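Numbering (this note's numbering), first residue to last: 186 to 304.
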């Protein structure tokens, strides 16, 4: 019987915490909606311009990554070429392998079929 009471008490505490958190999130969303409702045309235009600049920067970054070969799966033949490629990027995914390893062909097959994310 004590276990049942303990579970019920825990359930009530959890329910109260969830209710409080939900109320806080709802209040925050209401205040954000109120701010948006009270914006004038200049503020909305500024917000739109800010978002367009962010989208342009993201597109420019994506184009830069594509020009550097990001999102491609290819073999780099020499150590010198490898270091040249790697030093131009902040993040690199590398697959070092030996032809004698059985699973290499399976992995290469999945790399060639799966599109890579540029984010």
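Note that the Cβ used here is the ideal one computed from N, Cα and C, for glycine as well.
Here the structure is a predicted model, which means the values were calculated and not measured.
Residue interval of the alpha helix (DSSP H) (run including residue i)
i: residue 280; result: Element bounds for residue 280: n/a, residue is neither H nor E.
i: residue 261; result: Per DSSP, residue 261 belongs to no alpha helix (DSSP H) and is neither H nor E.
i: residue 236; result: 226-252
i: residue 287; result: Counting along the chain, residue 287 falls outside any alpha helix (DSSP H), and DSSP gives it neither H nor E.
i: residue 223; result: Element bounds for residue 223: n/a, residue is neither H nor E.
Beta-carbon proximity of residue i to residue j, cut-off 9 Å
i: residue 283; j: residue 289; result: yes
i: residue 258; j: residue 228; result: no
i: residue 224; j: residue 214; result: no
Check: residue i C-beta below 8 Å from any heavy atom of the ligand FMN
i: residue 257; result: With respect to the ligand FMN, the structure shown offers nothing to examine, as it has no ligands at all.
Margin query: Whether or not the region 265-277 and the region 249-257 are in contact is what I'm after, with contact meaning three or more pairs of Cβ atoms, one per stretch, closer than 8 Å; do they touch?
Written below: yes
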